[in-house]
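Participant: Chains as they are written, first to last, in the working numbering: chain Y, 26 to 344; chain P, 26 to 344; chain V, 26 to 344; chain Z, 26 to 344. Each residue gets a CB set at the ideal place from its N, CA and C atoms; glycine is no exception. Encoded as structure tokens, here's the structure I'll be asking about.
Protein chains: 4
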Amino acid sequence: MALPTPLTGVVPPVCTPLDPRGEVDTGSLGRLVEHLVTGGVHGLFALGSTSEVAYLTDAQRATALEAVLKAADGRVPVLAGVIDTTTARVLDHARTAQALGADALVATAPFYTRTHPKEIAGHFRAIRAAVDLPLFAYDIPVAVHSKLPGALVRELAEDGTLAGLKDSSGDEGGLRRLLVELGGRDGRRIGPAPDFAVLTGSELTVDAALLAGADGVVPGIGNVDPAAYVRLYDACRAGDWAGAAAEQERLVALFGMVDAGPEAEMGRSSSALGSFKAALHLLGVIGHPATAAPQLPLGPESVAEVARHLTAAGLEPVR
Amino acid sequence: MALPTPLTGVVPPVCTPLDPRGEVDTGSLGRLVEHLVTGGVHGLFALGSTSEVAYLTDAQRATALEAVLKAADGRVPVLAGVIDTTTARVLDHARTAQALGADALVATAPFYTRTHPKEIAGHFRAIRAAVDLPLFAYDIPVAVHSKLPGALVRELAEDGTLAGLKDSSGDEGGLRRLLVELGGRDGRRIGPAPDFAVLTGSELTVDAALLAGADGVVPGIGNVDPAAYVRLYDACRAGDWAGAAAEQERLVALFGMVDAGPEAEMGRSSSALGSFKAALHLLGVIGHPATAAPQLPLGPESVAEVARHLTAAGLEPVR
Amino acid sequence: MALPTPLTGVVPPVCTPLDPRGEVDTGSLGRLVEHLVTGGVHGLFALGSTSEVAYLTDAQRATALEAVLKAADGRVPVLAGVIDTTTARVLDHARTAQALGADALVATAPFYTRTHPKEIAGHFRAIRAAVDLPLFAYDIPVAVHSKLPGALVRELAEDGTLAGLKDSSGDEGGLRRLLVELGGRDGRRIGPAPDFAVLTGSELTVDAALLAGADGVVPGIGNVDPAAYVRLYDACRAGDWAGAAAEQERLVALFGMVDAGPEAEMGRSSSALGSFKAALHLLGVIGHPATAAPQLPLGPESVAEVARHLTAAGLEPVR
Amino acid sequence: MALPTPLTGVVPPVCTPLDPRGEVDTGSLGRLVEHLVTGGVHGLFALGSTSEVAYLTDAQRATALEAVLKAADGRVPVLAGVIDTTTARVLDHARTAQALGADALVATAPFYTRTHPKEIAGHFRAIRAAVDLPLFAYDIPVAVHSKLPGALVRELAEDGTLAGLKDSSGDEGGLRRLLVELGGRDGRRIGPAPDFAVLTGSELTVDAALLAGADGVVPGIGNVDPAAYVRLYDACRAGDWAGAAAEQERLVALFGMVDAGPEAEMGRSSSALGSFKAALHLLGVIGHPATAAPQLPLGPESVAEVARHLTAAGLEPVR
């Protein structure tokens, strides 16, 4: 389907359910997509960090993207992450995503290697030139260890290379500067890149980002409670900022589940991904809570902690 | 004067004007305090990072604090930064600040040395025990290279060690979690630390922080346009979030002056401090734009750039 | 061929020559391998960071590894890098490398995702269990942004998971502690992991590493002057430390070529890889100096600077 | 006394013994200096990081420096650390050190603030211009969070600003490049800065640094076993590299005491400083093992672990 310009609303990064052998559980993935679409989300981001894209083989990535596209069935646009170290490898993923029918691509700056803004600009331009799909830049320094400079994003927005930004940098001041420079608020962007979409990945401050003029949000914990993010988005769009803040606070409390895994024993990513999947399993959306190797699984106490967070948020576990 | 509990509102970190020899220009400092107090600010933070505290000798620190206290003259409370590497050195500054009449102390985690949360907790407790003044924790990882863990801040808030937090960490998600855990919004904190003040140092997202439940802001560029931050604060308190966002956007544009200094030639701090002082000089508030050694001064082109930002914000240079 | 236990000597990370379209130039790669083997090296490391592994598609990786194996023709062992973000992706590369005939595998800690020592240990154990080839851990924090803890390396050495370590961490103090704990010097390792090989990637301090008990070196600039690293290694083994230091100093001066690229214009990796390839092109070993996208190429001045370094080291350009 | 040019040999950073109230124990400090001088060291570095300089008030710093100078009594030169955030504050310390009779000054790059190489150069030049004592640059990124660029050090060496470098950066490759560029080895420096001294703070790889052409070492654990570092230095100077490596290995094993403190409970600095002081106390050199607030003390198990390391190294505890 054609991507709305700009893309707005709630676009969760879709978790990739796995079976106990570590293979993509397409049945569960279909149910998860249904859970999200019926929750009212405005788009889906397949193969993002929360999708464990960095843990999936090329074959598994294709399987997951195909399953998301099939389940979405044109009801909402599907963005496909094409996350890899450098240009040629990203292009391999981009061509696959295009062939499978993705509506847009999402790429990070190069990683593993040390890079430079001029090279990052060339990277995005080469992807845009090679594969004719709207391209989103994914700013995620915690993963790629470089930050997209605001001036670079503006340049690539204004020359049409980028259709949007998914900002997971956590640099809210820098994002505010970018939004002011891009011009306009509340979907009324008026500068030289009127269709450029700014989506925040900072899922704990969505009210703030929308107040500042962001177009949407890509919330990892939106997998667990998509309807709440839709309510939050709608409240912001209606100018009900107190209502939005209250909904955000409920989601902040729910997000506390990511501390479930003992930090002394597992990586921070593993703890967050494990708790999201445990929650989806407890809610009966997916068949298994497994995360990909080498992530350690949550133990029983951690799962109980996740359950407590669900119950406190009024999301009753069915297991 | 007694510190309000909790401390709320606009509390700018007061720049320390210097004369061409590098000594504290107390006349200019008095005028700056008048500029701030007549701008409507609710408190003053002397000897903060924006005050170039790290550049001032002990004698200069005392001179600056004394001048701020004298000019404030009890109209607003004065918080004194006691910034130094470790406990014993901080205590020296704290005793001086108390003797001079400061209303509260602001201390960072230890720096230069590598430290640990348990040691940081001991540091704040030792300061609170030795000098009987309300104590604010100053979370500024860009300077001290450690982040105050949320759990540590809560513990020190609940046991009465800390009267508040000045959060310059830029971690807005972490701040939101802390605010939710502390309980309540809009000055109605209801948890176990009802008088604990959360002030943000993120001057580009103040509307967002106040929407999230922060009590106030410590804006560096508030030196230049204090009245605008007061208007922004008042709009937030009145629930006029669209008006607040518009005022914030004007301040974001004004803040663009910090890019005036060529990054290839000077430190990022120097560029920001130099532009604030250049602006205050252009506005006729202070007598000289000098910053302390070894910071390089802004060149004429950079000063012209600062002037352009002032004019664009409706603050007409008088020089 | 069977890998010597422990692996010792000079094992350069083989550059991957590209043609102007960005495809692997197998003819040049064959000549480069001949240049290295006739230079006296003791092994070859294909698909390492210096091989631009992060820039090559899976198909290109296979082409490059196949060409190295064919050209080496059993004269020296070939280690294959299996560099990817996490376990399942690494296993795909490992199986390909085994099928092509590699003599050993070289894997890093997971990257892109945040990880934990327990998960890193599981990662290496899973690779070792799935593919029956000697496995080397590649400690390269500048690329993967975590450091392999010494205790972890020891544990995996002693339980037989790892056949060796390629240490590109730059932490020479940590390496020394590891070597002392592993026991022995000068190839006479006597502890619980007598066949464990420690190879340093710190190509500017090889004399020091061998004095400390390392078994060999993986020098990027060894592509340009392999015979010099062999002389350096031989001098160390003969106890001629002054001679070794003199040879090392000559190589340090040659290494100055990596500054040829203007740092303001390109990434640090690009500058180093570009200068190595420019040198190999100037020496007539490879047909084109191209590096992979999105790296910027060296300009003419930078190439002239590379030529000056070659001449100063007595390596006369033929172009 | 006049400083040798260049300064060479073993120059330990002198621990500052404290009494149980946290005050400088000048009696113990005198005994420690005697322990070092009779151990054969070639100089003393008072008020360095290992001296807990960041924990001492100005008055305590003066007391400690005075005590070291008195105990040294002209037998070896005394370098004084003048560690503080920026120029004016460092100058205060430098003038005190000069008045007390220090033979040279040791200063870091500015810290707490963000800085720039041009500003760092100005910082060292201002110190050198204001106080007429030989000036050493102290490169310690782990504390000040910037690395002195090699080109900057060369520039300041060649123009006479700096008398030497104390390199605690851990960047041995960068140090090697600097040594090659400065020219010469084994005390026969022949370039434009023939009297410039390069001292390494990397106490676990001293044999390597001296092989590379460094002039001396500033070893923290040299407080515990100064004679061993003198033997190591002498072996290097005599070209007995195998003997040097063996002595270094013994010291590496002894250094294992720094792991005595549980990392989960205290800062890394605290653990190292605590173990050095515990060792000096066990050996009967100093009266109390206390470290300065807010460092946590070593517990009994950790002290027992320190004792085990001493015994294993043939240094018998007397308590």
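Mind checking Arg114 of chain Y: buried by the 16 CB within 10 Å criterion, or exposed?
Facilitator: Flag for Arg114 of chain Y reads buried.
Participant: Since Pro135 of chain V and Pro166 of chain Y should fall inside the 8 Å C-beta cutoff, what is the C-beta to C-beta distance between them, to a whole number of angstroms?
Facilitator: Incorrect: roughly 17 Å between the Cβ atoms, too far for contact.
Participant: Please go through the same chain and pick out, in chain order, the residues whose beta-carbon is closer than 8 Å to the beta-carbon of Gly47 of chain V, but skip the five residues on each side of it.
Facilitator: These residues qualify, in order along the chain: Ala315, Ala317 and Ala318.
Participant: What number of angstroms, rounded off, separates the C-alpha of Ala176 of chain P from the C-alpha of Phe280 of chain Y?
Facilitator: The alpha-carbon atoms of Ala176 of chain P and Phe280 of chain Y are separated by roughly 16 Å.
Participant: Hey, is Val35 of chain P's beta-carbon within less than 8 Å of any beta-carbon in chain Y?
Facilitator: Judged by the 8 Å Cβ criterion, Val35 of chain P is not in contact with chain Y.
Participant: Quick one: list the residues of chain Z neighbouring Thr230 of chain V, beta-carbon separation under 8 Å, in chain order.
Facilitator: Result: Glu197, Gly198, Arg201, Ala233 and Ala237.
Participant: For Gly268 of chain Y, report the span of its alpha helix (DSSP H) as first-last.
Facilitator: It spans Trp266 to Phe280 - the alpha helix (DSSP H) in which Gly268 of chain Y sits, taken as one unbroken run.
Participant: Pick helix, strand or coil for Asp232 of chain P, following the three-state DSSP scheme.
Facilitator: Helix.
Participant: How far does the alpha helix (DSSP H) with Thr121 of chain Y in it extend, from its first residue to its last?
Facilitator: That run of the alpha helix (DSSP H) goes Thr112 to Leu125.
Participant: My understanding is that Phe70 of chain Y touches Leu104 of chain Y, with C-beta atoms under 8 Å, so please give their C-beta distance in whole angstroms.
Facilitator: With a Cβ gap of about 5 Å, Phe70 of chain Y and Leu104 of chain Y count as contacting.
Participant: Pull the bridge partners of Gly189 of chain P from the DSSP assignment, please.
Facilitator: Answer by DSSP bridge pairing, in chain order: P:Phe161 and P:Ala222.
Participant: Restricting to Cα atoms, I'd like to know which of P:Gly65, P:Gly241, P:Gly99 and P:Asp164 is closest to Thr30 of chain P.
Facilitator: Per the Cα distances, P:Gly241.
Participant: Taking DSSP as the reference, what is the three-state secondary structure of Leu72 of chain P?
Facilitator: Residue state, collapsed to three classes: coil.
Participant: Three-state secondary structure (DSSP) at Leu207 of chain Y?
Facilitator: It is helical.
Participant: Would you mind telling me which residues of chain Z sit closer than 8 Å to Ser194 of chain V, beta carbon to beta carbon, in chain order?
Facilitator: Under the 8 Å cutoff, chain Z gives no residues; its nearest Cβ is about 10 Å from Ser194 of chain V.
Participant: Quick check on DSSP: helix, strand or coil for Val39 of chain Y?
Facilitator: Correct three-state label for Val39 of chain Y: coil.
Participant: Drop a sphere of 10 angstroms on the beta-carbon of Met291 of chain P, count the other beta-carbons inside from all chains shown, and report buried for 16 or more, exposed for fewer.
Facilitator: Buried: at least 16 other Cβ atoms inside 10 Å.
Participant: Measure from the C-beta of Ser300 of chain Y to each C-beta in chain P and report whether the shortest distance is under 8 Å.
Facilitator: It does not: the Cβ of Ser300 of chain Y has no partner Cβ on chain P nearer than 8 Å.
Participant: Less than 6 Å between C-beta atoms, sequence neighbours within five positions excluded: which residues of the same chain meet that for Leu276 of chain Z?
Facilitator: Result list for Leu276 of chain Z: Ala253, in chain order.
Participant: Name the chain V residues that come within less than 7 Å of Ala278 of chain Z, Cβ to Cβ?
Facilitator: Within 7 Å Cβ-Cβ: Val205.
Participant: Is the distance from the Cβ of Leu73 of chain Y to the Cβ of Gly106 of chain Y below 8 Å?
Facilitator: The displayed chain sequence assigns Gly, not Leu, to residue 73 of chain Y. Going by C-beta atoms, Gly73 of chain Y is nearer than 8 Å to Gly106 of chain Y.
Participant: For Asp259 of chain Y and Ala234 of chain Y, what's the separation of their Cα atoms in angstroms?
Facilitator: Taking the straight line from one Cα to the other gives about 14 Å.
Participant: For Gly195 of chain V, which of helix, strand or coil comes out of DSSP?
Facilitator: Three-state result, Gly195 of chain V: coil.
Participant: So which residues on chain V does Glu274 of chain Z lean against when the C-beta distance must stay under 9 Å?
Facilitator: The answer, in chain order, is Arg201, Leu204, Val205, Arg210, Ala237 and Gly238.
Participant: List the residues of chain P that Ser227 of chain Y touches, going by C-beta distances under 8 Å, in chain order.
Facilitator: Within 8 Å Cβ-Cβ: Glu197 and Gly198.
Participant: Just the chain Z side, please: which residues come within less than 9 Å of Ala146 of chain V by C-beta, in chain order?
Facilitator: By Cβ distance, chain Z contributes nothing, its closest Cβ being about 18 Å from Ala146 of chain V, past 9 Å.
Participant: Relative to the alpha-carbon of Ala270 of chain P, which residue among Y:Arg153, Y:Leu204 and Y:Ser300 has its alpha-carbon at the smallest distance?
Facilitator: Nearest C-alpha to Ala270 of chain P: Y:Leu204.
Participant: Return the residues of the stretch 311 to 330 of chain Z that lie within a Cβ-Cβ distance of less than 9 Å from chain P, sorted by chain order.
Facilitator: Going along the stretch 311 to 330 of chain Z in chain order, one finds Ala317, Ala318, Pro319, Gln320 and Leu321 with a Cβ nearer than 9 Å to chain P.
Participant: Output needed for Gly126 of chain V: all residues of its chain with C-beta closer than 6 Å, excluding positions within five of it in sequence on either side, in chain order.
Facilitator: Result list for Gly126 of chain V: Leu94, in chain order.
Participant: Apart from the five residues on each side of it in sequence, which residues of its chain come closer than 8 Å, Cβ to Cβ, to Leu61 of chain Y?
Facilitator: Only Pro37, Val39, Leu69, Gly247, Asn248 and Pro251 meet the Cβ criterion.
Participant: For Ala269 of chain V, is the beta carbon positioned less than 7 Å from some heavy atom of the ligand NAD?
Facilitator: Summarising the ligand content, the structure contains no ligands, and the ligand NAD is consequently not present.
Participant: Quick one, are the C-beta atoms of Leu54 of chain Z and Thr75 of chain Z less than 8 Å apart?
Facilitator: No, Cβ-Cβ distance for Leu54 of chain Z and Thr75 of chain Z is not below 8 Å.
Participant: Quick check: the Cα distance between Leu298 of chain Y and Gly245 of chain Y, rounded to an integer number of angstroms?
Facilitator: Each residue's Cα considered, the two are about 9 Å apart.
Participant: Considering only residues of the same chain and omitting the five flanking positions on each side of Val66 of chain P, which have a CB-CB separation below 8 Å?
Facilitator: Once the five neighbours on either side are set aside, the close Cβ partners of Val66 of chain P are Gly34, Val35, Val36, Pro37, Val101, Gly247, Pro251, Tyr254 and Val255.
Participant: Give me, in chain order, the residues of the same chain whose beta-carbon lies closer than 6 Å to that of Tyr80 of chain V; leave out the 5 immediate sequence neighbours on both sides.
Facilitator: Excluding positions up to five away in sequence, the list reads Ala317.
Participant: At a CB-CB cut-off below 9 Å, which residues of chain Z make contact with Ala162 of chain V?
Facilitator: Going along chain Z, no residue has its Cβ under 9 Å from Ala162 of chain V, so there is no contact; the nearest lies around 20 Å.
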